[in-house]
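Working notes, beginning with the structure itself.
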Amino acid sequence: MRRLALVCLLATLGCHHRGAPELERIRTPLTDGLELPFSEVVRAGDMLYLSGMVGIRPGTMTLVEGGLEPEARQTMDNIRVMLDAADASFDDVVRCLVMLDDISQWSRFNAIWVEYFGDARPARSAIGADGLALGAQVEVECVAVVPSEP
2 MRRLALVCLL
12 ATLGCHHRGA
22 PELERIRTPL
32 TDGLELPFSE
42 VVRAGDMLYL
52 SGMVGIRPGT
62 MTLVEGGLEP
72 EARQTMDNIR
82 VMLDAADASF
92 DDVVRCLVML
102 DDISQWSRFN
112 AIWVEYFGDA
122 RPARSAIGAD
132 GLALGAQVEV
142 ECVAVVPSEP
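Just so you know, we're using the numbering used here here: the sequence shown kicks off at 2 and counts up by one.
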């Protein structure tokens, strides 16, 4: 009886391996030629997990110049490239985490954010984070749902 209860518990928690989704690691033109220690996008079944992205110029590890607004726009453009590589769009994004080097810049970032998401805004958290990658002023990571083809 205890063994049956344990098997049922493991099945409920999804711990048996047979039904686990296949993982696909997706690279994009953003990091062509760069050796980075992470995957830009990972597809697990119908879910896409996007690594945190900053406002780098594609193919470089150099941030765009000009402050928060140009960095935020480049960050969002880079996220679009990541989504495109996985046959997804901003409409598929369900959750994001926004990290701002200066949380007082929240409203300036939000003005740009709505340009990309319009009324189809995902759930989101935002935090003030000192010491973002490459000295960035903003970093965004996202999760999207993209149903696989039948």
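Ideal Cβ placement from N, Cα and C applies to all residues, glycine included.
ask   = Thinking C-beta only, is A89 closer than 7 Å to A145?
value = In this structure, A145 places its C-beta atom within 7 Å of the C-beta atom of A89.
query = Who pairs with L24 in a beta bridge, going by DSSP?
reply = DSSP, once it has assigned bridges, lists A45 as partnering L24.
task = Check each candidate in E36, E116, V95, L64 and name the one with the smallest Cα separation from E140.
result = Among E36, E116, V95, L64, the Cα nearest to that of E140 belongs to L64.
query = What are the partner residues of A145, as DSSP defines its beta bridges?
reply = For A145, the pairing in a beta bridge is given by DSSP as L49, V94.
key: Cα-Cα separation between S108 and M100, rounded to whole angstroms   = Looking at the two C-alpha atoms, the distance is approximately 13 Å.
key: Short Cβ contact (7 Å threshold) for A112 with T29   = With contacts defined by Cβ atoms closer than 7 Å, A112 and T29 do not form a contacting pair.
task = Pull up the distance between the alpha-carbon of G119 and that of Y50, whole angstroms please.
result = Between G119 and Y50, the C-alpha separation is close to 21 Å.
key: Cutoff 8 Å; reference L10; Cβ partners in own chain excluding five residues on either side   = Reliability of the predicted coordinates at L10 is poor, the pLDDT of 39 falling under 50, and no value is obtained from them.
message = In this structure, how does DSSP classify A6 when only helix, strand and coil are distinguished?
response = Only weak support is given to the placement of A6: the predicted model assigns it a pLDDT of 45, under 50, and the question is left unresolved by the model.
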